[in-house]
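As structure tokens, the structure follows; a few thoughts come after it.
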Amino acid sequence: MVAKNHATYYKKKLPFICTPTLTLNDILNVGDTLIYRYAVKHARKQEIKRLEEKELLEFIEAIKKENLRTACKDKEILNMLSIGVSLDEIFYSENGELIFEYTIKDEDCKKLQ
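Just so we're aligned: 186 in our numbering is position 38 of the sequence shown, and the numbers increase by one with no gaps anywhere.
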């Protein structure tokens, strides 16, 4: 119920520009999972496909690191994670192609502490 209320409340505030390269477009609640859908613009205005593998991996790692740090500072998110809610973070290119996805669980935030 907590996850459903969170998704309903924040869905009204979308789209939300997180950074110049990242926009949160949707939040969905499925059971004990919150699904966050982001659109990604490359900072240098290049198509994601044109990035070399090393650049793409660095780009993905930087986004994951910042996203995890932000989520683990949020008391509401920490409370939801502690009761078993997980966060599925899904990142798409501007034209809707999946770039990458990962899940944040309670133990991920505990590792940062």
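Virtual Cβ for every residue (Gly too), placed ideally from N, Cα, C.
Taking only the alpha-carbon atoms, compute the straight-line gap between residue i and residue j and give it to the nearest angstrom.
i: Leu172; j: Ala210; result: 16 Å
i: Ile225; j: Phe239; result: 19 Å
i: Val188; j: Leu235; result: 18 Å
i: Ile208; j: Val233; result: 23 Å
i: Phe164; j: Thr218; result: 14 Å
i: Asn227; j: Leu162; result: 22 Å
i: Val110; j: Leu246; result: Any question about residue 110 goes unanswered here, given that the chain covers just 149 to 261.
i: Lys152; j: Lys202; result: 37 Å
i: Leu204; j: Lys159; result: 29 Å
i: Lys223; j: Phe248; result: 26 Å
i: Lys193; j: Arg185; result: Model confidence at Lys193 stands at a pLDDT of 46, short of 50, so the residue's coordinates are unreliable; what they give is reported in the following sentence. Cα to Cα, Lys193 sits roughly 20 Å from Arg185.
Short of 7 Å in beta carbon distance, which residues of its chain neighbour residue i, apart from the five on each side in sequence? Order them along the chain.
i: Tyr250; result: Lys212, Glu237
i: Leu176; result: Ala155, Ile183
i: Ser230; result: Asp254
i: Thr167; result: none
I'd like the span of the alpha helix (DSSP H) that includes residue i, first residue to last.
i: Leu205; result: 201 to 221
i: Thr156; result: 150 to 159
Using C-beta distances below 6 Å, list every residue in its chain close to residue i, excluding the 5 sequence neighbours before and after it, in chain order.
i: Cys220; result: Cys257, Leu260
i: Asp180; result: Gly232, Val233
Starting from residue i and walking both ways along the beta strand (DSSP E), at which residues does that stretch end?
i: Thr181; result: 181 to 188
i: Leu91; result: This structure gives no information on residue 91, because the portion of the chain shown stretches from 149 to 261.
Once you ignore the five residues that flank residue i on each side, which residues in its own chain have a CB closer than 8 Å to its CB?
i: Leu216; result: Ile252, Asp256, Cys257, Leu260
i: Glu242; result: Ala187, Val188, Lys189
Taking 6 Å as the cut-off, is the CB of residue i close to at least one heavy atom of the ligand NAD?
i: Leu216; result: The model on display carries no ligand, and the ligand NAD is accordingly not part of it.
Suppose only complete runs of 3+ residues qualify. What are the beta strand (DSSP E) ranges in the stretch 226 to 257, listed by chain order? With a minimum length of 3 residues, the continuous beta strand (DSSP E) runs that stay inside the stretch 226 to 257 are 234 to 241, 246 to 252.
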